[in-house]
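In my numbering, the protein residues as written are 159 to 395.
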């Protein structure tokens, strides 16, 4: 299993939200590049980036910060947050990003997903942000009518290979991740599933790795010192 340490971007800074609430934001570092380099020194090969402003606006306000990270590290970088048209996909991929994550648009515009996967194949991933069993959209501010299972089935039919699945209720809460959710989804779907939200202990990492998941995202647990990134990477192997 691959470990994806996370950097959430807001105003060019590395921040974290509590349960997706923009009003409960903690700034961890004014220089996200330094955070990315720290990850690299700890042995990371992958990086999960989210433009929190983009998730709301559908724009790319943190593009220059992302470019700086791409150009100054050897990390495999995936980016999500407000990617709602093929032009934005192209902007990120042309900037050197390895994979882009479609969120709201994957729910509201399946034709866009089909076009993106047709043009860019495995460089397209989808984010499934789950709130009370349903897929949330627009920076987690609204909930769609789609269940997690229905959404996964639709994405698989559109040839999406990688899906980042977040249980919003667990995100940033440091109370463990939703192992049951990942068990159900990994048994039903043949996709690269990345667990996100509440991965807060080495035990979580061990369980997810044993399930054979493709990846796990570690955010707040790293920043608070609850998880050693180096140890998590070793355990995940």
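Virtual Cβ for every residue (Gly too), placed ideally from N, Cα, C.
Could you compute how far the alpha carbon of residue 342 sits from the alpha carbon of residue 159?
18 Å
Please determine if the segment 348-366 and the segment 306-315 are in contact, where contact requires at least 3 C-beta pairs separated by less than 8 Å.
yes
Expected contact under 8 Å - CB spacing of residue 242 and residue 262 to nearest Å
6 Å
Local conformation of residue 290 per DSSP, three classes
coil
Whose C-beta lies closer than 6 Å to the C-beta of residue 324 among residues of the same chain, with five residues either side of it excluded?
287, 354 and 355
Can you confirm whether the segment 186-196 touches the segment 165-172 when touching is taken to mean that 3 or more C-beta pairs between the two stretches lie within less than 8 Å?
yes
Do you know how far the Cα of residue 361 is from the Cα of residue 370?
15 Å
For residue 344, collect the residues of the same chain with a Cβ closer than 8 Å to its Cβ; drop the 5 residues on either side in sequence, then sort them by chain order.
351, 369, 370 and 371
How far does the beta strand (DSSP E) with residue 326 in it extend, from its first residue to its last?
Segment: none, residue 326 is in no beta strand (DSSP E) and carries neither H nor E.
Classify residue 218 as helix, strand or coil using the three-state DSSP reduction.
coil
Starting from residue 207, trace the beta strand (DSSP E) in both directions and tell me its first and last residue.
204-209
Excluding five sequence neighbours on each side, which residues of the same chain lie with their C-beta closer than 6 Å to the C-beta of residue 197?
163
Can you tell me whether residue 349 is helix, strand or coil according to DSSP?
coil
So residue 246 and residue 218 are in contact, right, with Cβ under 8 Å, and what is the actual spacing, rounded?
6 Å
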